[in-house]
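S.K.: For the sequence shown, the residue numbers in numbering that gives the first Met the number 0 are 0 to 389. All C-beta atoms, glycine included, are put in the ideal place defined by N, C-alpha and C. Every value quoted in this text rests on a predicted model; they were computed, and no experiment measured them.
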Amino acid sequence: MQYQEILHRCFRCGFCKMPSDYSDINCPAYLKYRFESFSPGGRMWLIRAWLDNELQNTPRLQEILFSCATCNNCVEHCIFPKFKDYILEAFTAAKEEMVEQGTLPPRVRDYLTTLFEHGNPYKIPQKKRGDWANEHPISMYSDQEYLFYVGDVGSHENRGSRIARATSGLLQRLGASIGILGSKEGSDGNEAKYLGENELFRHLAEQNINTFNKFGVEKIVALSPHAYNVLKNDYPELGGSFQVLHYTHLLADLLRTASLPENLAPIKLTFHDSCYLGRHNQDYDTVRNILNALPGTEFVEMKRNKGNSLCCGGGGGNFFTGFLSSGMENSANTRVREAADTGADYLLTSCPVCTIMLQEALKSQNLEHKIQVREISELILEHFFQYNID
0 MQYQEILHRC FRCGFCKMPS DYSDINCPAY LKYRFESFSP GGRMWLIRAW
50 LDNELQNTPR LQEILFSCAT CNNCVEHCIF PKFKDYILEA FTAAKEEMVE
100 QGTLPPRVRD YLTTLFEHGN PYKIPQKKRG DWANEHPISM YSDQEYLFYV
150 GDVGSHENRG SRIARATSGL LQRLGASIGI LGSKEGSDGN EAKYLGENEL
200 FRHLAEQNIN TFNKFGVEKI VALSPHAYNV LKNDYPELGG SFQVLHYTHL
250 LADLLRTASL PENLAPIKLT FHDSCYLGRH NQDYDTVRNI LNALPGTEFV
300 EMKRNKGNSL CCGGGGGNFF TGFLSSGMEN SANTRVREAA DTGADYLLTS
350 CPVCTIMLQE ALKSQNLEHK IQVREISELI LEHFFQYNID
């Protein structure tokens with residue numbers, strides 16, 4: 000297994016499962032299960048034992064490995080510089096080994112099989128991938144400046160599609176030149192990669208790269224931080240060299256010259272950092288610059304923010320496999336309680352997966368009377384333009 004030789008370097012100090020002040024639990028899997036085996040250090044120890052034939056590949060071991068939310072908190076807070084950058088790669092390599100052996104949790108196997116057979120995890124025909132934009136004013140990509148890459152959740156999940164319409168509508172309203180591929184767009188493969196199905200990831204990525212090149216795409220603006228991460232950091236190794244932005248990067252530029260109403264009722268906002276925009280790509284400032292520039296709003300941070308932010312639990316394919324979704328103390332439930340404690344009117348996100356995870360958590364915690372979840376584009380359209388996307 001790749002990175003096998005580094006596993007022994009972890010001596011399980013435990014800092015990897017906490018924020019920088021060691022005041023709480025920041026690892027979503029450990030937060031839910033509360034067994035040391037689900038912590039990054041415990042997971043590392045178990046992988047070593049498994050590879051040394053001291054431990055059998057059991058359903059419990061599979062659950063431990065695949066419950067990792069790939070949030071990068073362990074990478075952020077590991078105290079050993081020569082080791083920290085390989086932690087997540089080691090976990091992914093262990094999953095790759097399980098994929099090679101064909102020993103997977105049924106829900107992971109089903110997700111990967113569906114993704115391979117249908118091109119998306121929702122079993123929706125490819126010809127319907129652009130249906131989210133029906134009766135919505137956005138053109139197919141031809142000679143626009145940016146390809147707007149929507150992704151699986153934005154294309155096929157109801158709330159995700161609402162966010163796709165809000166984001167594309169807001170960007171165009173502010174003057175962006177964007178177009179979509181509709182049924183020509185494929186899954187970005189980020190979840191397949193972090194679930195250890197490297198061949199499926201390569202297949203999906205190469206399909207997209209060929210399509211992008213065929214259409215002459217040079218610049219891409221991604222709806223999801225997950226797509227942004229893989230398009231920016233992994234596609235170049237397969238020959239896909241494009242200028243890739245997350246939509247908040249473009250939105251921040253557009254808002255610098257935009258005129259927004261200043262006589263509206265004041266609102267108080269807090270923000271949940273997406274792991275794939277934040278810890279994976281070290282961008283904590285773009286969204287905060289946007290929020291601080293919105294007239295008539297007050298921005299307040301949650302206790303855990305930026306590099307210490309608590310993941311919603313949807314990364315690493317967990318949004319689809321659901322290992323971290325249940326339980327009162329799962330990370331999404333914990334996160335919305337923390338957001339409600341700020342006294343903010345809105346908990347804002349920059350990711351469709353985070354939005355959906357936190358919205359469901361808000362319902363389960365009966366906190367909808369205290370705070371509402373909005374993706375940033377939704378909030379700006381609703382509050383400043385008095386426009387609701389259906």
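Touching or not, the region 95 to 111 and the region 139 to 157, by the rule of three or more beta carbon pairs under 8 Å?
M.R.: No, because fewer than three Cβ pairs between the region 95 to 111 and the region 139 to 157 fall closer than 8 Å, the two stretches do not touch.
S.K.: Give the secondary structure of Q358 by DSSP, where H, G and I count as helix, E and B as strand, and everything else as coil.
M.R.: Looking at Q358 - three-state DSSP - the assignment turns out to be helix.
S.K.: Quick one: give me the first and last residue of the alpha helix (DSSP H) that F383 is part of.
M.R.: Unbroken alpha helix (DSSP H) run through F383: I375 to F383.
S.K.: Rounded to the nearest angstrom, what separates F211 and L199 at their Cα positions?
M.R.: Whole-angstrom Cα-Cα distance: 18 Å.
S.K.: Less than 8 Å between the C-beta atoms of F214 and L230, yes or no?
M.R.: No. Outside cutoff.
S.K.: Output the distance between the C-alpha atoms of A221 and N52, rounded to the nearest integer angstrom.
M.R.: Approximately 43 Å between the Cα atoms of the pair.
S.K.: For the candidate residues K267, F318 and S324, whose alpha-carbon lies nearest to that of M301?
M.R.: When only C-alpha atoms are compared, the closest one is K267.
S.K.: Measure the beta-carbon distance from Y386 to L380 and round it to whole angstroms, keeping in mind my assumption that it falls under 8 Å.
M.R.: That belief holds up - the Cβ atoms of Y386 and L380 are roughly 5 Å apart, short of 8 Å.
S.K.: Could you tell me whether the region 284 to 298 touches the region 314 to 328, where touching means 3 or more Cβ pairs closer than 8 Å?
M.R.: Judged by Cβ distances under 8 Å, the region 284 to 298 makes no contact with the region 314 to 328, as fewer than three pairs qualify.
S.K.: Name the one or two DSSP bridge partners that M139 has.
M.R.: For M139, which the question treats as bridged, DSSP gives the partners I179.
S.K.: Quick one: Cα of M0 to Cα of C77, how far?
M.R.: Approximately 22 Å between the Cα atoms of the pair.
S.K.: Would you report the Cα separation of E374 and A48, rounded to the nearest angstrom?
M.R.: Approximately 42 Å, taken between the alpha carbons.
S.K.: Nearest by alpha-carbon distance to S308: which of F270, A292, T341 and P294 is it?
M.R.: It is F270 whose Cα lies nearest to the Cα of S308.
S.K.: Look at the alpha carbon of M97 and the alpha carbon of I355, and state the distance between them as a whole number of angstroms.
M.R.: Straight-line Cα distance between these residues: approximately 29 Å.
S.K.: Name, in chain order, the residues that DSSP records as bridge partners for Y345.
M.R.: Bridge partners of Y345: L268 and Q371.
S.K.: I need the boundaries of the alpha helix (DSSP H) containing T210, first residue and last residue.
M.R.: From DSSP, the alpha helix (DSSP H) with T210 extends over N197 to K213.
S.K.: Here's the rule I'm using: 16 or more other beta-carbon atoms within 10 Å means buried, otherwise exposed. How should P136 be labelled?
M.R.: The residue in question, P136, is exposed, as its Cβ has fewer than 16 Cβ neighbours within 10 Å.
S.K.: Distance check for I86 and R8, CA to CA, integer angstroms please.
M.R.: So the two alpha carbons sit approximately 10 Å from each other.
S.K.: Using DSSP bridges, identify the partner residues of Y148.
M.R.: Looking at the DSSP assignment, Y148 forms a beta bridge with A221.
S.K.: According to the Cβ coordinates, are L45 and I63 closer than 8 Å?
M.R.: In contact: L45 and I63 (Cβ atoms closer than 8 Å).
S.K.: Would you give the residue range spanned by the alpha helix (DSSP H) that L60 belongs to?
M.R.: It spans P58 to F65 - the alpha helix (DSSP H) in which L60 sits, taken as one unbroken run.
S.K.: Taking the alpha helix (DSSP H) that L323 falls in, what are its first and last residues?
M.R.: No alpha helix (DSSP H) contains L323, which DSSP labels as neither H nor E.
S.K.: By a C-beta neighbour count over all protein chains shown, 10 Å radius and 16 as the cutoff for buried, is R255 buried or exposed?
M.R.: Answer is exposed; the Cβ neighbour count stays below 16.
S.K.: Tell me the DSSP bridge mates of T296?
M.R.: For T296, which the question treats as bridged, DSSP gives the partners I266.
S.K.: So, are the CB atoms of V335 and Q364 less than 8 Å apart?
M.R.: Contact: yes.
S.K.: Any idea if N209 is buried or exposed, counting beta-carbon neighbours within 10 angstroms, 16 or more meaning buried?
M.R.: N209 should be labelled exposed.
S.K.: Helix, strand or coil, according to DSSP, for H245 in the structure here?
M.R.: Correct three-state label for H245: strand.
S.K.: Applying the criterion that 16 or more other CB atoms from any shown protein chain within 10 Å of the CB defines a buried residue, is C274 buried or exposed?
M.R.: Burial call: buried.
S.K.: Distance check for G181 and P120, CA to CA, integer angstroms please.
M.R.: So the two alpha carbons sit approximately 17 Å from each other.
S.K.: Quick one: what's got a C-beta closer than 7 Å to I179's C-beta in the same chain, skipping five residues either side?
M.R.: The residues are G129, A132, I137, M139, Y140, F147 and V149.
S.K.: Which of helix, strand or coil does DSSP assign to N332?
M.R.: Helix.
S.K.: Can you give me the Cβ contacts of T91 inside the same chain, cut-off strictly under 7 Å, excluding the 5 residues immediately before and after it?
M.R.: These residues qualify, in order along the chain: Y193 and G195.
S.K.: May I ask which residues mark the beginning and end of the alpha helix (DSSP H) holding A68?
M.R.: No alpha helix (DSSP H) contains A68, which DSSP labels as neither H nor E.
S.K.: So, for T333: in the same chain, excluding its five sequence neighbours on each side, which residues have a beta-carbon less than 8 Å away from its beta-carbon?
M.R.: L30 and L309, listed in sequence order.
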